[in-house]
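Heads up: the structure comes next, in structure tokens.
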Amino acid sequence: MDIKEAEFVISQTDYTKCPAPVFPEYAFIGRSNVGKSSLINMLTNRKGLAKTSATPGKTQLINHFFINEQWYLVDLPGYGYARVSKANKSTWDKMIRDYLKFRTNLMYVFVLIDVRLSAQKNDLEFIHWLGENEIPFVLVFTKADKLSAEQVNLSVEKYRKKLSETWEELMPMFVSSAEKKRGREEILEFIEKTKTEFKAPANIKKKNPL
Ligand code: GTP
Ligand code: MG
7 MDIKEAEFVI
17 SQTDYTKCPA
27 PVFPEYAFIG
37 RSNVGKSSLI
47 NMLTNRKGLA
57 KTSATPGKTQ
67 LINHFFINEQ
77 WYLVDLPGYG
87 YARVSKANKS
97 TWDKMIRDYL
107 KFRTNLMYVF
117 VLIDVRLSAQ
127 KNDLEFIHWL
137 GENEIPFVLV
147 FTKADKLSAE
157 QVNLSVEKYR
167 KKLSETWEEL
177 MPMFVSSAEK
187 KRGREEILEF
197 IEKTKTEFKA
207 PANIKKKNPL
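So, in structure tokens, the structure goes:
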């Protein structure tokens, strides 16, 4: 799929204020600093579209990007950022979990996992929460350029084994590197294929949100 247009639409904290749910939507989530914003920039081929930073906690809001005037990419704040207060954590929880549970046009959540790390408790908990709530998701292993091909395979295999302890059937998984543009074709192909399953609500008029 060619990305001809990628426009920032809006940032806010409340799913009810998101653009009208008339186009299919794909959201990116994972621990702070895992590479969500970088992956969005890599997929869209636009360096500064989503704000990135070497310091965790850069993305704080629900950020919508409108792609090819047909679908949305959503950059979400990360979880597991040690320096946020308890109050901030529960604000994050409510904002993100409500968005994930109630956003009707959400097709898939991309859960990003740093390929260098073994399975982390908060990632596994989050994945299980998605499962319990029947929210469709896939996994994307990020920063593959930081390991050898062999180490990447080993790490993904370990993750599969870990998930197989609780999941009967495993979700699709992608390996990516924002640095080397790895995984771009596969992820865009997945989006292209699945977005055809979207059924626009009959009672909301389609309009260009920009
Ligand atoms: P928050 O918004 O803070 O939750 O972080 P994020 O998940 O959006 O991460 P972001 O894209 O801002 O990237 C965090 C850091 O990781 C930056 O310094 C990026 O340059 C780096 N990074 C992201 N993806 C890759 C990758 O594929 N390879 C390498 N080597 N570095 C990466
Ligand atoms: Mg970010």
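Sequence positions in the sequence shown follow our numbering and run 7 to 216.
Even for Gly, the Cβ is constructed at its ideal location relative to N, Cα and C.
Exposure label - F147; buried when at least 16 CB within 10 Å | buried
Taking 8 Å as the threshold, find out whether the stretch 48 to 61 comes into contact with the stretch 179 to 197 through three or more Cβ pairs.
-> At 8 Å Cβ cutoff, the stretches touch.
Should K152 and R103 be called a contact, given that it needs their Cβ atoms to be closer than 8 Å?
-> no
Consult DSSP for V162 and reduce its assignment to one of helix, strand or coil.
-> helix
What residues in its chain sit with their C-beta under 7 Å from that of R166, if we drop five residues either side in the sequence?
-> L176
Would you mind working out which of K57, F71, K95, Y32 sits nearest E11, comparing C-alpha positions?
-> F71
Any Cβ of chain C within less than 8 Å of the Cβ of I16?
-> Considering every chain present, this structure includes no chain C. It has just one protein chain.
Just the C-alpha distance for E163 and I133, rounded to the nearest angstrom, thanks.
-> 17 Å
Close beta carbons around P142, own chain, < 6 Å, minus the five adjacent residues each side | Y114
How about K64 and S43: do their beta carbons lie closer than 8 Å?
-> yes
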